[in-house]
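Only one structure is covered here, and it is reproduced in the block below.
In our numbering, the protein residues as written are 20 to 459.
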């Protein structure tokens, strides 16, 4: 049996063992993981320092981008946040075993739809070592086995984190050690992508090129997004002070993330009054502005924008700016160039906001709020396994609800289908039944 075959076999066995575990057992394992992270901060930061040093040399040689380096770096606060994130997941309601449908088919014959784990989830991610802890905790909480592969630039950190997490799991009765496995070789990932017989879901987190590569090579369902081309549209009915604050926050609060805006759209009627104020605030944060012709008529020192700019996820202090005729053109621009991730409108016109939120094709749409809110933790999901922009079972920031599916359960008293077929067939009741106070 090859290495990847063994990993897949152990993961499948672990998934079958995890599925029937009680929520209390899974939560106890999560709390053990949180304690392990917190108690090993020095070891984690030491491993991370080695990764960061090597990554800086790669940046100097042009082999790694600055955004990836920023995502790689950890400090004591981030390690504490990792541990607290695991505790937050443990405190969330159990997503497994919820009854979402209950129907009395006939007297003594009852149908239920009950949530259950997906099975084996493979997560492949770049740079951010905190992603390993997030995904591991969400998979365990939802009863799924996890196979994790991080980027080479975070190899030391990922190795340290995976080791302490698996040791914590090994000390918990009933929780299989193989519930969490780490891959380190790129060749293993390529082999993994063809294992649709063993892997139920792949979650890629990384650059546009990275996610597209995973999607193009895999026969397994993929939950993820390739681009984070997010927009902020400033309507003619916008509060301009609010619009400036939101533009600055959505672009600069953390520039190297997928929910930061890459394009600012401005209604032509307020362009002359708004753009100079926005440009001043953005440039104070070091943002380079690239504008269309109408933008440059107001901001003469803006860099001319090209067609490519509207399609680019910069993940850097660069912002494309376009003046539009109005709401219709803004929506058309977003639906043409956007990545279905997160888009926002600033306006005091509730009707315009409603049209925007209904017609923009995105996983998250905002009204008078920063696109940076598109995050599992901020949505109250505890953490997120990733952000999905495809139109599958989960969309937007994906937390626990995206890591469970459901099964149908029927309980009868010797009922046979023949009674309900043919002449004189017994009729079904199909009577909806209460789910119960805890939906279980």
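Backbone N, C-alpha and C define an ideal beta-carbon position, used for all residues, glycine too. Bear in mind the structure is a predicted one, so any value in this text is a computation, not a measurement.
Residue i (DSSP reduced to helix, strand or coil)
{"i": "residue 64", "result": "helix"}
{"i": "residue 239", "result": "coil"}
{"i": "residue 362", "result": "strand"}
{"i": "residue 231", "result": "helix"}
{"i": "residue 80", "result": "coil"}
{"i": "residue 123", "result": "strand"}
{"i": "residue 117", "result": "coil"}
{"i": "residue 497", "result": "Here the chain comprises residues numbered 20 to 459, so residue 497 is not present and cannot be evaluated."}
{"i": "residue 450", "result": "strand"}
{"i": "residue 71", "result": "helix"}
{"i": "residue 211", "result": "helix"}
{"i": "residue 357", "result": "coil"}
Run of the beta strand (DSSP E) containing residue i, from where it starts to where it stops
{"i": "residue 307", "result": "307 to 310"}
{"i": "residue 23", "result": "Looking at the DSSP string, residue 23 is not in any beta strand (DSSP E); the run it does join, the alpha helix (DSSP H), is 22 to 37."}
{"i": "residue 222", "result": "220 to 224"}
{"i": "residue 201", "result": "199 to 202"}
Reference residue i; option with closest CA among the options
{"i": "residue 201", "options": "215, 260, 251 and 180", "result": "180"}
{"i": "residue 60", "options": "76, 103, 399 and 46", "result": "103"}
{"i": "residue 407", "options": "397, 399 and 418", "result": "418"}
{"i": "residue 156", "options": "198, 172 and 132", "result": "198"}
{"i": "residue 415", "options": "435, 359, 160 and 366", "result": "359"}
{"i": "residue 40", "options": "78, 120 and 163", "result": "163"}
{"i": "residue 345", "options": "337, 339, 365 and 329", "result": "365"}
{"i": "residue 279", "options": "257, 249 and 264", "result": "249"}
{"i": "residue 371", "options": "253, 46 and 259", "result": "253"}
{"i": "residue 211", "options": "166, 101, 105 and 298", "result": "166"}
{"i": "residue 247", "options": "227, 264, 112 and 265", "result": "227"}
{"i": "residue 66", "options": "217, 121 and 172", "result": "172"}
{"i": "residue 112", "options": "42, 98 and 90", "result": "42"}
Rounded straight-line distance, which links the Cα of residue j to that of residue i
{"i": "residue 182", "j": "residue 271", "result": "35 Å"}
{"i": "residue 150", "j": "residue 144", "result": "7 Å"}
{"i": "residue 422", "j": "residue 331", "result": "30 Å"}
{"i": "residue 72", "j": "residue 147", "result": "15 Å"}
{"i": "residue 446", "j": "residue 439", "result": "6 Å"}
{"i": "residue 478", "j": "residue 404", "result": "Any question about residue 478 goes unanswered here, given that the chain covers just 20 to 459."}
{"i": "residue 192", "j": "residue 24", "result": "26 Å"}
{"i": "residue 327", "j": "residue 381", "result": "21 Å"}
{"i": "residue 136", "j": "residue 424", "result": "6 Å"}
{"i": "residue 168", "j": "residue 154", "result": "11 Å"}
{"i": "residue 92", "j": "residue 36", "result": "35 Å"}
{"i": "residue 453", "j": "residue 409", "result": "33 Å"}
{"i": "residue 140", "j": "residue 243", "result": "13 Å"}
{"i": "residue 188", "j": "residue 355", "result": "46 Å"}
{"i": "residue 50", "j": "residue 129", "result": "37 Å"}
{"i": "residue 395", "j": "residue 435", "result": "46 Å"}
{"i": "residue 338", "j": "residue 240", "result": "33 Å"}
{"i": "residue 237", "j": "residue 213", "result": "6 Å"}
{"i": "residue 34", "j": "residue 178", "result": "22 Å"}
{"i": "residue 284", "j": "residue 449", "result": "51 Å"}
{"i": "residue 277", "j": "residue 251", "result": "14 Å"}
Residue i Cβ short of 8 Å to the ligand MG heavy atom set
{"i": "residue 21", "result": "No copy of the ligand MG occurs in the structure displayed, which carries no ligand at all."}
The alpha helix (DSSP H) enclosing residue i, as first and last residue numbers
{"i": "residue 86", "result": "85 to 91"}
{"i": "residue 49", "result": "42 to 58"}
{"i": "residue 98", "result": "95 to 110"}
{"i": "residue 378", "result": "369 to 378"}
### Complete alpha helix (DSSP H) runs within the segment 126 to 195 (minimum length 4 residues, chain order)
Qualifying alpha helix (DSSP H) stretches, in chain order: 149 to 160 and 174 to 189.
### Message
Quick check on the DSSP output: what are the complete beta strand (DSSP E) runs of length 3 or more inside the segment 381 to 445, in order along the chain?
### Response
Listed in chain order, they are 383 to 386, 405 to 407, 415 to 417 and 423 to 430.
### Ordered list of alpha helix (DSSP H) runs contained in the segment 304 to 354, each at least 4 residues
If we require 4 residues or more, the alpha helix (DSSP H) runs fully inside the segment 304 to 354 come out as 312 to 317 and 326 to 329.
### Completely contained alpha helix (DSSP H) runs for the segment 242 to 304, where each covers 4 or more residues
For the segment 242 to 304, whole alpha helix (DSSP H) runs of length 4 or above, ordered along the chain, are 259 to 271 and 290 to 303.
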